[in-house]
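294 is the number of the first residue of the sequence shown in the working numbering; add one for each residue after it. C-beta: ideal position from N, C-alpha, C; glycine also. Nothing here was measured: the structure is a model prediction, and the numbers come from that model. Right, one structure below, let's go through it.
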Amino acid sequence: MDVHRAGGGIHFTVEHTRAALPSTLLASLTGRLGRMQRAGTTLVECNSGYGLELQTELKMLEVIETARRTLPINILSTYCAAHAVPKGKTVAEATADILQVQLPRMSAGALRVDNIDVSCEQGVFDMSSTRSILQAGLDMGLSINFHGDELHPMNSAQLGAELGALAISHLGDVTDDGIAAMATAKTAAILLPTTTYILRLL
């Protein structure tokens with residue numbers, strides 16, 4: 294989180310993604326998907342989340358849609374504008390932008406999007422904002438597959454179970470009660486040990 298607060302991490306990638314041409318993003322995605330397919334992958338989830346504003350989020354989702362239509366691999370598309378709070382905005386402002394600008398625009402468009410994702414974490418999106426965004430996506434017909442309980446026990450697991458989430462990612466600090474709630478709701482846990490290793494959380 295120190296790197297994140299200093300403007301690195303996600304924000305570094307956001308800067309470059311905003312500047313990138315769709316053709317550049319598609320070429321990068323195509324190469325990665327090709328390597329995954331050769332390794333035996335048959336289904337992949339592709340997220341947006343490195344735009345944090347409408348135009349770049351749409352650009353990423355359009356690139357994912359192009360890959361879905363043209364490449365011989367199954368792709369699920371996930372909208373993740375709530376990956377981080379954009380520079381210069383508060384959590385409340387970022388949440389309002391997603392709810393009042395981005396989701397209505399997506400709903401009115403022709404893009405196929407399967408899931409909605411939020412990074413529910415201290416210093417990112419709190420429980421209230423996470424609930425509002427996930428519920429809005431659910432109301433649009435999107436499935437819930439979000440980041441939760443990665444660095445702090447936020448009760449994301451319980452929230453996901455309550456909302457009928459398909460899956461929750463990370464869960465490095467999930468509580469026993471959270472695990473029980475996910476089991477009851479049949480919400481899958483997506484474990485990401487490489488992220489844990491890179492962040493030196495173990």
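Span of the alpha helix (DSSP H) around residue i
| i | result |
| --- | --- |
| phenylalanine 305 | 303 to 312 |
| glycine 416 | Note, glycine 416: premise wrong, no alpha helix (DSSP H); not H, not E. |
Among the options, nearest to residue i - alpha-carbon criterion
| i | options | result |
| --- | --- | --- |
| glycine 324 | Ile303, Leu345 and Pro365 | Pro365 |
| threonine 349 | His309, Ser421, Pro397 and Thr477 | His309 |
| leucine 404 | His445, Gln415 and Arg362 | Arg362 |
| alanine 482 | Lys382, Leu459, Ala312 and Glu414 | Leu459 |
| arginine 311 | Gln330, Leu336, Met329 and Lys352 | Lys352 |
| aspartate 470 | Arg493, Pro486 and Asp442 | Asp442 |
| leucine 388 | Gln428, Asp407 and Leu494 | It is worth fixing the name first, because residue 388 is threonine in this sequence and not leucine. Comparing Cα-Cα distances from threonine 388 to each of Gln428, Asp407 and Leu494, the minimum goes to Gln428. |
Beta carbon of residue i nearer than 8 Å to that of residue j
| i | j | result |
| --- | --- | --- |
| leucine 396 | glycine 344 | no |
| threonine 371 | aspartate 410 | yes |
| leucine 342 | histidine 376 | One detail in the question is off: residue 342 reads as glycine in this sequence, not leucine. Closer than 8 Å, so yes. |
| cysteine 391 | isoleucine 357 | For the record, residue 391 in the displayed sequence is isoleucine; it is not cysteine. Contact: no. |
| serine 462 | phenylalanine 439 | yes |
| leucine 452 | methionine 420 | yes |
| threonine 480 | proline 446 | no |
| alanine 360 | leucine 322 | yes |
| leucine 444 | glutamate 414 | yes |
| leucine 314 | arginine 398 | no |
DSSP three-state assignment for residue i, whether helix, strand or coil
| i | result |
| --- | --- |
| isoleucine 366 | coil |
| glycine 471 | helix |
| glutamate 338 | strand |
| alanine 429 | helix |
| glycine 381 | coil |
| threonine 371 | strand |
| aspartate 466 | coil |
Residue i to residue j span [Cα, whole Å]
| i | j | result |
| --- | --- | --- |
| arginine 424 | threonine 334 | 32 Å |
| methionine 475 | serine 436 | 15 Å |
| alanine 299 | valine 378 | Unreliable positioning characterises alanine 299 in this predicted model, as indicated by a pLDDT of 48, which lies under 50. The coordinate reading is nonetheless provided below. Roughly 13 Å between the two C-alpha positions. |
| serine 316 | glutamate 355 | 11 Å |
| glycine 465 | alanine 478 | 19 Å |
| glycine 402 | asparagine 448 | 33 Å |
| isoleucine 491 | valine 394 | 34 Å |
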